[in-house]
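Structure first, then comments.
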Amino acid sequence: MPQNRNVIMLRILATDDFEFFGSPVSLYDKHTANELLISQKALNNYFSKQQLASRPLVYKNSYCEIHKGSLYVKATTRGRKKDS
Numbered sequence: 002m003p004q005n006r007n008v009i010m011l012r013i014l015a016t017d018d019f020e021f022f023g024s025p026v027s028l029y030d031k032h033t034a035n036e037l038l039i040s041q042k043a044l045n046n047y048f049s050k051q052q053l054a055s056r057p058l059v060y061k062n063s064y065c066e067i068h069k070g071s072l073y074v075k076a077t078t079r080g081r082k083k084d085s
């Protein structure tokens with residue numbers, strides 16, 4: 002059964018660089034709220050409100066564009082012990 006995992010895509014508008022993160026927390030491990038022009042709490046609230054309104058999960062300001070989506074991964078048995 003496929004699993005879904007969150008993915009956060011950050012696009013820095015000035016350089017058109019893309020970075021991908023597994024969560025908003027990891028985004029703020031590398032970038033500061035002052036740099037992104039939005040705090041982690043405000044970004045989480047924004048995405049929550051967008052999701053409730055069934056809108057695309059995209060935040061954009063003059064510095065960056067942040068997308069929240071799903072990464073589809075195939076289930077694996079790697080690391081599991083075989084039953085004897």
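For my numbering, count along the sequence shown from 1 and bump the result up by 1. Backbone N, C-alpha and C fix where the C-beta goes; we use that ideal spot for every residue, glycine too.
CB of residue i within 8 Å of CB of residue j, strictly
| i | j | result |
| --- | --- | --- |
| Gln4 | Val59 | no |
| Leu44 | Pro25 | yes |
| Ser49 | Arg6 | no |
Delimiting residues of the alpha helix (DSSP H) encompassing residue i
| i | result |
| --- | --- |
| Lys31 | Pro25 to Lys31 |
| Leu14 | Per DSSP, Leu14 belongs to no alpha helix (DSSP H) and is neither H nor E. |
| Ser55 | First-last for Ser55: undefined, no H or E at that position. |
| Ala34 | Ala34 to Leu37 |
Backbone secondary structure at residue i - three-state DSSP
| i | result |
| --- | --- |
| Asn62 | coil |
| Ser71 | strand |
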